[in-house]
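One structure is given here, and the rest of the page talks about it.
Protein chains: 2
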Amino acid sequence: MAIGIQITLNERLFLRDPQNTVLGKKIIKHSILLIDEIGFEAFTFKKLAIQMSSTEASVYRYFENKHMLLLYLVSWFWEWVTYLIDIHTMNISDPVQKLKIIISTLVFASKENPSVEYVNESVLHRIMIAEGAKAYHTKAVDDENQDGLFLNYQHLVDKVAQVVLSIRPNFPYPRTLASNLFEMANNHIYFALHLPHITDVHVQGESYDEVESMLEYFGFTMLGLPTSDTR
Amino acid sequence: MAIGIQITLNERLFLRDPQNTVLGKKIIKHSILLIDEIGFEAFTFKKLAIQMSSTEASVYRYFENKHMLLLYLVSWFWEWVTYLIDIHTMNISDPVQKLKIIISTLVFASKENPSVEYVNESVLHRIMIAEGAKAYHTKAVDDENQDGLFLNYQHLVDKVAQVVLSIRPNFPYPRTLASNLFEMANNHIYFALHLPHITDVHVQGESYDEVESMLEYFGFTMLGLPTSDTR
DNA sequence: TAAGTTTGATAGTATTACTATCAAATAAAT
DNA sequence: ATTTATTTGATAGTAATACTATCAAACTTA
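Structural data, given as structure tokens:
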């Protein structure tokens with residue numbers, strides 16, 4: 000009797016809904032762990048099947064290929080972040096406060112733990128940071144976009160853009176700012192860990208405080224808001 | 000008697016320097032065209048060999064694998080952008096003007112045509128936009144960074160960060176701003192072309208004027224500079 | 001308890017990602 | 001001008017990847 004949040008995803012992402020079956024959930028669970036461990040390039044359905052004591056054919060009954068599985072995980076993540084943002088900003092009316100909460104939710108997505116026992120959100124967050132960009136950098140983007148496979152991300156960007164506009168109705172680039180905050184969040188955690196020369200922030204373990212301050216500084220400065228900077 | 004700019008790259012990027020031989024240059028030339036055409040995932044050394052009327056084995060004598068070839072192209076691109084920025088800012092002393100030139104160089108990299116006959120810069124720019132991020136999103140980043148395979152990009156970020164600091168000596172995130180401008184430039188061209196919902200800019204053909212204005216707006220606003228916005 | 005659905009087991013194919021070998025062509029050195 | 005060295009092409013081969021197909025066993029639902 001898990002509380003179970005509702006994560007509704009585009010049906011074209013999968014051949015058979017993994018959320019409906021034991022095997023499906025096992026696929027999600029182990030794919031997250033395995034992609035994190037060996038990286039998306041080295042990840043194969045064969046290896047996944049072995050690790051979860053199933054067979055390649057069974058995995059192929061749920062996902063067309065590993066790219067679709069990645070797309071599924073990415074959509075799941077954005078849907079989940081949307082959910083977190085919604086519950087955290089539910090009773091907040093001040094849009095500036097909302098933006099602050101959005102930023103901290105984004106950065107600390109890994110810390111939250113909803114009752115979806117087959118998804119390790121902390122590991123999924125790492126996958127998003129390391130592999131997320133690959134979901135939309137393919138020759139099939141246009142078709143996939145046509146099929147609505149990126150709607151979750153689009154809606155989230157939309158939502159944040161609305162907050163931006165309610166802070167500064169004349170801000171000329173609300174979606175750009177919104178998506179940039181998302182991209183920066185993941186990028187600069189990655190840079191801090193692997194290419195420290197091209198960022199100024201540091202992370203130790205899963206403490207992303209400096210990333211949060213940095214995003215607030217960028218977002219707030221862009222909107223002409225005072226930056227607290229008390230850190 | 001080509002004028003021939005000097006593009007010096009880390010020797011670990013290749014097994015044999017492609018710039019030194021006819022076959023090497025052919026590999027660079029055709030790999031750029033083929034990656035652009037079919038995408039990096041579908042690109043193989045076999046297909047490349049066929050397209051350039053050579054053999055798989057010959058290509059493998061120059062590059063360890065296609066990932067190293069991509070790394071080579073990415074390094075080449077950043078080295079070339081660095082060169083362009085250097086010649087364009089050579090006689091400019093005002094750092095604000097310098098930043099402006101950096102941004103426009105970045106965005107219009109595809110338009111410039113130095114005398115490197117085997118590199119189609121316009122197509123390479125497209126590859127950077129579509130595939131560039133894959134160069135550093137791998138499990139081997141740390142080793143490759145250790146080997147200095149990302150130094151070109153790092154140095155360029157460094158250079159821009161210095162300009163940022165000469166405009167605002169106390170700006171807390173000079174490298175972050177610099178790398179973000181680079182990432183945004185490519186990302187938002189890509190978004191405009193493929194995921195228009197998550198950006199505000201538009202591009203038609205290879206006209207990136209709106210991207211340039213947007214980057215100026217972001218960069219200048221972050222540094223507390225007036226934005227011209229006359230467009 | 002019969003019918004339907006899902007999974008496992010196994011097999012098979014085309015392609016990918018290489019490595020190895022050797023002869024032919026080309027370039028460099030004497 | 002000819003030996004020597006280097007580069008390329010041609011071919012072959014192997015292990016892994018990315019699938020598809022088939023059929024029986026297990027499990028669920030009616």
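Going down the list, the sequences are from chains A and B.
For the first sequence, numbering that gives the first Met the number 0 gives the first residue as 0, with consecutive numbering after it.
For the second sequence, numbering that gives the first Met the number 0 gives the first residue as 0, with consecutive numbering after it.
We treat Cβ as the ideally placed atom computed from N, Cα and C, and that holds for glycine.
With its beta carbon less than 7 Å from one in chain A, residue 197/B belongs to the interface.
Counting only the Cα atoms, residue 130/B lies some 7 Å from residue 136/A. For residue 127/B, the enclosing alpha helix (DSSP H) covers residues 120-130.
Taking a Cβ-Cβ cut-off of 8 Å, residue 208/A has no neighbours in chain B, whose nearest Cβ is about 14 Å from it. In this structure residue 53/B touches residue 22/B by the C-beta definition: roughly 7 Å separates them, less than 8 Å. Nearest CB-CB separation between residue 38/B and chain A: below the 7 Å threshold. When 9 Å is used as the limit between beta carbons, residue 73/B is near no residue of chain A, the shortest such separation being about 13 Å. In this structure, residue 30/A lies near residue 47/A, with their beta-carbon atoms less than 7 Å apart.
About 5 Å separates the Cβ atoms of residue 70/B and residue 134/B, confirming a contact at the 8 Å cut-off. Distance from the Cα of residue 113/A is smallest, within the candidate group 197/A, 80/A and 91/A, for 80/A. Following the DSSP letters along the chain, one finds residue 144/A inside the alpha helix (DSSP H) bounded by residues 140-145. Within the segment 109-132 of chain B, the residues whose Cβ lies closer than 7 Å to any Cβ of chain A are, in chain order, 129, 130 and 132. Residues of chain B with a Cβ closer than 9 Å to the Cβ of residue 41/A are, in chain order, 138. Within the segment 13-80 of chain A, the complete alpha helix (DSSP H) segments of 4 residues or longer fall at 21-37, 44-50 and 55-59, listed in chain order. The contact set of residue 153/A on chain B, defined by CB atoms closer than 8 Å, consists of 194, 196 and 197 in chain order.
By the C-beta density criterion, residue 223/B is exposed, having fewer than 16 other C-beta atoms within 10 angstroms. A residue is called buried when at least 16 other Cβ atoms come within 10 angstroms of its Cβ; residue 45/A does not meet this threshold and is exposed. Its Cα nearest to that of residue 117/A, the residue 20/A stands out among 20/A, 105/A, 41/A and 66/A. With distances taken between CA atoms, residue 98/B lies nearest to 181/B out of 57/B, 181/B, 194/B and 185/B. Here DSSP, grouped into helix, strand and coil, assigns residue 206/A to strand. Identification of residues in the segment 170-185 of chain A having a C-beta nearer than 9 Å to some C-beta of chain B yields 171, 172, 173, 174, 175, 176, 177, 178, 179, 181, 182 and 183, given in sequence order.
By the neighbour-count criterion, in which 16 or more other beta carbons inside 10 Å mark a residue as buried, residue 89/B falls on the exposed side. Between residue 186/A and residue 210/A, the alpha-carbon positions lie close to 10 Å from each other. When the beta-carbon positions are compared, residue 109/A and residue 124/A come within less than 7 Å of each other. For residue 60/B, the closest of 100/B, 42/B, 15/B and 68/B by C-alpha to C-alpha distance is 15/B. Counting of Cβ neighbours within 10 angstroms places residue 85/A among the exposed residues, the total staying below 16. For residue 144/A, same chain residues with a beta-carbon under 7 Å away, outside a window of 5 residues either side, do not exist. Counting C-beta atoms within 10 angstroms of its own C-beta, residue 56/A has fewer than 16 neighbours from the protein chains shown and is therefore classed as exposed. The three-state reading of DSSP puts residue 183/B in helix, counting H, G and I together.
Any Cβ of chain B closer than 7 Å to the Cβ of residue 20/A would place that residue at the interface, and such an atom is absent. Shortest Cα-Cα distance from residue 205/B to any of 107/B, 184/B and 156/B involves 107/B. CA-to-CA, the gap between residue 111/B and residue 138/B works out to about 34 Å.
Closest option to residue 165/A, judged by alpha-carbon separation, among 146/A, 96/A and 213/A: 96/A. Residues of the segment 141-167 of chain B that bring their beta carbon within less than 8 Å of a beta carbon in chain A comprise 141, 144, 149, 152, 153, 156 and 157, in sequence order.
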